[in-house]
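Sequential numbering of the sequence shown, starting at 1, is according to UniProt numbering. No residue lacks a Cβ here, since even glycine has one placed at the ideal position from N, Cα and C. What follows is a set of notes on a single structure, which appears directly below.
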Amino acid sequence: MNDARLSAGRWQGRAAATEGLADLAVGLVLAFLVTAAPVLLHLIGQPLAILFCLVAAVVIVLGFEEHVLVVVLTANIFQNIVVSIVSPQFSDFSEIEPLKSYNFITTISIWATVCVQFLRDRNSFSPFVRRVLLASIALLAVAGVYFVAGLAINSRNAIIYMRNIGLPVLLFQLFLVIGARRRISLPSIIAALLAIIMFCGYMELFFTDAWLTITNGWTYNSLNAAKRLVDMQEIQSNAREGRVITSPLDYSTSKFLNIGLPGAFDFMVTRLQGPIFHPISFGYLLAIMAAFSIVDGVALIGWLTVPLVLATSAKGPLLLLFGSLGVCWLARRSGARRTVPLLLIALAANVTFVFLSGRANGDYHVLGLLGGLNGFLQLPIGHTLGDGGNLSVPNFNEIDWTKFQQDGAANLAVESAVGVLFFQLGIMATVVLAFYFWIARIAWRLFDATRAPALAFSGGAMLILLANGVFQEEAYFSPLSLGLLMALIGLILGSVDREIVARLGNRLAKQAGERAPGSLDVRNALP
Numbered sequence: 001m002n003d004a005r006l007s008a009g010r011w012q013g014r015a016a017a018t019e020g021l022a023d024l025a026v027g028l029v030l031a032f033l034v035t036a037a038p039v040l041l042h043l044i045g046q047p048l049a050i051l052f053c054l055v056a057a058v059v060i061v062l063g064f065e066e067h068v069l070v071v072v073l074t075a076n077i078f079q080n081i082v083v084s085i086v087s088p089q090f091s092d093f094s095e096i097e098p099l100k101s102y103n104f105i106t107t108i109s110i111w112a113t114v115c116v117q118f119l120r121d122r123n124s125f126s127p128f129v130r131r132v133l134l135a136s137i138a139l140l141a142v143a144g145v146y147f148v149a150g151l152a153i154n155s156r157n158a159i160i161y162m163r164n165i166g167l168p169v170l171l172f173q174l175f176l177v178i179g180a181r182r183r184i185s186l187p188s189i190i191a192a193l194l195a196i197i198m199f200c201g202y203m204e205l206f207f208t209d210a211w212l213t214i215t216n217g218w219t220y221n222s223l224n225a226a227k228r229l230v231d232m233q234e235i236q237s238n239a240r241e242g243r244v245i246t247s248p249l250d251y252s253t254s255k256f257l258n259i260g261l262p263g264a265f266d267f268m269v270t271r272l273q274g275p276i277f278h279p280i281s282f283g284y285l286l287a288i289m290a291a292f293s294i295v296d297g298v299a300l301i302g303w304l305t306v307p308l309v310l311a312t313s314a315k316g317p318l319l320l321l322f323g324s325l326g327v328c329w330l331a332r333r334s335g336a337r338r339t340v341p342l343l344l345i346a347l348a349a350n351v352t353f354v355f356l357s358g359r360a361n362g363d364y365h366v367l368g369l370l371g372g373l374n375g376f377l378q379l380p381i382g383h384t385l386g387d388g389g390n391l392s393v394p395n396f397n398e399i400d401w402t403k404f405q406q407d408g409a410a411n412l413a414v415e416s417a418v419g420v421l422f423f424q425l426g427i428m429a430t431v432v433l434a435f436y437f438w439i440a441r442i443a444w445r446l447f448d449a450t451r452a453p454a455l456a457f458s459g460g461a462m463l464i465l466l467a468n469g470v471f472q473e474e475a476y477f478s479p480l481s482l483g484l485l486m487a488l489i490g491l492i493l494g495s496v497d498r499e500i501v502a503r504l505g506n507r508l509a510k511q512a513g514e515r516a517p518g519s520l521d522v523r524n525a526l527p
């Protein structure tokens, strides 16, 4: 009898695992279809591509809600590969830019559909979820005021920075609601996506020519670098530095970690760009996914990703990866009350050191931070959204860094997300930063109550990323840095809330002498 029960249990476990893998496979196929189709349809007509995004978003939410996470992540991670594949159809990079907007259209359409569902069923959500959503809406309202003002000055820049500031919040809202409504297997989704990303990364690392040939990356990078190749000011600057440009990849070549290291560590590398075709964004994507996998997922896949993070040669992602792992290790042993103060002290010390050393050496990021803070002091109410920032500069290579080094600061906000926020939003930048600190605090308080590793990762990674933004604009404004992290945190907090509500329901049912399903251990709630 016992052997029969054991065999039945094993069979059920294997059946559940097989069903889970099949479900994940369906989600991945759907995700890559939604990612590739708009780009291919654009070749026929842009209205058709936009219509597909809108219809697909509604269909996915209404019929395949369990796959929303994998669809949104896949669209934002792999779209540029599809764009690169079709790049030979275009003669100028400006013609390619519209193709890179479809992941945003898909994401926003999915968010809007989920919003309609939330408004219809809002009373079924807990006060916690409604309170957090209300706070996030307040942040969007603040940014919206500056966005409207910025439209009159430079509509393109205002739209870009409204997207940069708003997207992490929208992703957080989207997955908070979905996490509160249904169970999503986050570790398996991250493991599957990370395996595909690793394949792309190691292909590029060891078989660069083959990878760029298969994906038409040579054409994509050539179109992207076309203006730089004939920019006389940049050509002269490269000549003074003894730098010879023979390939678009030469623009991705720099000293390892972009700093002068002693001895054998001082060498040049061609930075890994990944499926995103951007080294820093790729680094943050790898760091966040690897850290989560090691802490609360498939650890082996996470550790295998670490060499790729190094190959992006980006300091911020490395600090996020190893800092998050160290924080989670310490939190498991000492709890949040000891870990968080130590983390804040370490981050403050690091920011102080980088600022002082960077100011002495004329570091671009420090100069950009000072430019943003000087602009804030000149106009504390803010210069409006889109006025300042890397993406607001028509030709970033024309910035006269030598003059800024002589002046001791830039005359605009660049290379620093914190500097850009204070330059654009003025004193209201504190609202944005306060919201993210509040989210980190929520995660740490829940970790104290549950000891769930995913919550330690959420709180620790958020604080580290906020510190990174002092000297790096991509830390906040790349969709795959703060945007990705907020998506994961939203899903984790939503899942915790769902299980807490279920636990309270169990207690009430037991008090009434009834029997209700559900787990009493909130740690089992985390995806």
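Could you tell me the alpha carbon to alpha carbon distance between residue i and residue j, rounded to whole angstroms?
i           : j      : result
Gln12       : Leu286 : In this prediction, Gln12 has a pLDDT of 44, which is less than 50 and means its spatial position is unreliable; what the coordinates show is noted afterwards. If you take the alpha carbons of Gln12 and Leu286, they lie about 34 Å apart.
Pro47       : Leu493 : 37 Å
Gly375      : Asp387 : 11 Å
Leu205      : Leu194 : 16 Å
Leu30       : Val71  : 7 Å
Leu223      : Leu54  : 29 Å
Leu321      : Pro187 : 17 Å
Pro248      : Asn468 : 28 Å
Leu119      : Gly217 : 43 Å
Val39       : Gly144 : 29 Å
Arg338      : Arg332 : 11 Å
Leu133      : Ile439 : 11 Å
Val68       : Thr215 : 26 Å
Ile165      : Ser478 : 10 Å
Val61       : Ile110 : 7 Å
Trp401      : Ile85  : 36 Å
Pro88       : Ala49  : 19 Å
residue 572 : Phe207 : Because the chain spans 1 through 527 in this model, residue 572 falls outside it and cannot be assessed.
Ala56       : Phe64  : 10 Å
Ala349      : Leu356 : 11 Å
Val59       : Glu66  : 12 Å
Arg441      : Leu229 : 47 Å
Ala516      : Arg122 : Because Ala516 carries a pLDDT of 44, less than 50, the predicted location of this residue cannot be relied on, and the following value inherits that uncertainty. So the alpha carbons of these two residues sit roughly 23 Å apart.
Gly518      : Pro453 : At Gly518 the pLDDT is 41, less than 50, meaning the model places this residue with poor confidence and gives no usable figure here.
Ala443      : Ala336 : 10 Å
Leu526      : Phe104 : Here Leu526 scores only 43 on pLDDT, less than 50, and its place in the model is too uncertain to base an answer on.
Could you check whether residue j and residue i sit closer than 7 Å to each other, using their CB atoms as the reference points?
i      : j      : result
Ala299 : Arg498 : no
Leu343 : Val354 : no
Lys100 : Val83  : yes
Met198 : Thr305 : yes
Gly372 : Val420 : yes
Gly483 : Leu308 : no
Asn76  : Phe277 : no
Ser254 : Gly460 : no
Val169 : Ser126 : no
Phe282 : Gln273 : yes
Leu385 : Met162 : yes
Gly490 : Phe90  : no
Val418 : Val351 : no
Ala252 : Arg271 : The question names Ala, yet the displayed sequence has Ser at residue 252. It is a contact, given that the beta carbons lie within the stated cut-off.
Tyr436 : Leu466 : yes
Leu446 : Val496 : yes
Check the C-beta distance from residue i over to residue j and give it rounded, since I have them as a contact under 8 Å.
i      : j      : result
Tyr142 : Val431 : The question names Tyr, yet the displayed sequence has Val at residue 142. Their Cβ separation, rounded to whole angstroms, is 5 Å, which keeps Val142 and Val431 in contact under 8 Å.
Val114 : Leu167 : No, Val114 and Leu167 are not in contact; Cβ-Cβ is about 15 Å, not under 8 Å.
Leu463 : Leu369 : Contact doesn't hold; Cβ gap of about 18 Å is too wide.
Phe78  : Pro380 : Rounded, the Cβ-Cβ distance is 42 Å, inconsistent with contact.
Ile159 : Glu474 : Wrong, their Cβ atoms sit about 19 Å apart, outside the cutoff.
Leu257 : Ser313 : 6 Å
Ala413 : Leu367 : At roughly 10 Å, the Cβ-Cβ gap does not stay under 8 Å, so Ala413 and Leu367 are not in contact.
Gly297 : Ile190 : 6 Å
Leu176 : Val129 : 6 Å
Asn397 : Asp231 : 6 Å
Gly389 : Met428 : Their Cβ separation, rounded to whole angstroms, is 16 Å, which puts Gly389 and Met428 out of contact at 8 Å.
Gln472 : Gly316 : 5 Å
In this structure, what does DSSP give as the bridge partners for residue i?
i      : result
Lys255 : Met268
Determine, using beta carbons only, whether residue i comes closer than 7 Å to chain C.
i      : result
Ser324 : Absent here is chain C; the protein component of the structure consists of one chain.
Verify the contact flag: residue i, CB atom, against every heavy atom of the ligand ADP, threshold strictly below 6 Å.
i      : result
Trp211 : Inclusion of the ligand ADP in the displayed structure is not the case, the ligand content being empty and no account of it being possible.
query = At which residue ranges does the segment 138 to 216 contain complete alpha helix (DSSP H) runs of 4 or more residues, listed in the order of the chain?
reply = 155 to 181, 186 to 206, 208 to 214
* Report the residue ranges of all alpha helix (DSSP H) runs contained in full by the segment 352 to 380; include only those spanning at least 4 residues, in chain order. => 364 to 378
Query raised in the report: What runs of the beta strand (DSSP E), each 3 residues or longer, lie entirely inside the segment 55 to 133?
Result: none
**Request:** Just list the alpha helix (DSSP H) runs in the segment 293 to 321, keeping only unbroken ones of 4 residues or longer that don't cross its boundaries, in chain order.
**Result:** 299 to 311
*Which whole runs of the alpha helix (DSSP H) in the segment 458 to 492 are 4 residues long or more, in chain order?*
474 to 477
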